[in-house]
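Using the working numbering, the first residue of the sequence shown is number 620, and each one after it goes up by one. Cβ coordinates follow ideal geometry from the N, Cα and C atoms, glycine included. Every value quoted in this text rests on a predicted model; they were computed, and no experiment measured them. For reference, the structure is listed below as structure tokens.
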Amino acid sequence: MLLLAVLRVGEEAYGVPIAREIEASGERTVMLGAVYTGLGRLEANGLVSSSIGSPTPERGGRAKKYFRVTPSGLKAVRQAKRAFTRLWSGVPGLEGGRS
620 MLLLAVLRVG EEAYGVPIAR EIEASGERTV MLGAVYTGLG RLEANGLVSS SIGSPTPERG
680 GRAKKYFRVT PSGLKAVRQA KRAFTRLWSG VPGLEGGRS
């Protein structure tokens, strides 16, 4: 879900907009700390990369950490989609599933 949110947010993908995207798309409340923990794990596994923006007065002189999905992350998203589609199609009574 985090990888998809980073892709959907695009160039301005840092913690707050990523969390908002998950909340809007998933209809659930997201803890910002959990987003950063997940992003850290994804980065450690090479699925996202990060860069530090310029410090801004609005943030008390702190810089934003921006995230971007790597080619490996994009491959993982595609694999997950294929797996999910196969699982979904095998569930009786659901649209796209067996009757």
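For residue i, which three-state DSSP category applies?
| i | result |
| --- | --- |
| Val628 | helix |
| Ser673 | coil |
| Arg678 | helix |
| Glu662 | helix |
| Thr704 | helix |
| Pro636 | helix |
| Leu713 | coil |
| Val649 | coil |
Exposed or buried, which one is residue i when buried takes at least 16 other CB atoms within 10 Å?
| i | result |
| --- | --- |
| Val710 | exposed |
| Ala624 | buried |
| Ile641 | buried |
Strictly by DSSP, which residues pair up with residue i?
| i | result |
| --- | --- |
| Arg687 | Ser668 |
Please identify the residue among the options whose C-alpha is closest to the C-alpha of residue i.
| i | options | result |
| --- | --- | --- |
| Ala759 | Glu631, Leu626, Lys694 and Ala624 | There is simply no residue 759 to check, as the chain begins at 620 and stops at 718 in what is shown. |
| Leu626 | Gly652, Pro690 and Thr648 | Pro690 |
| Leu693 | Trp707, Val654, Gly665 and Glu640 | Gly665 |
| Gly652 | Arg697, Ser708 and Leu621 | Leu621 |
When you compare the region 702-714 with the region 629-643, are there three or more beta-carbon pairs, one atom per stretch, that lie closer than 8 Å?
no
Does the count of Cβ pairs from the region 656-669 and the region 678-686 closer than 8 Å reach three?
yes
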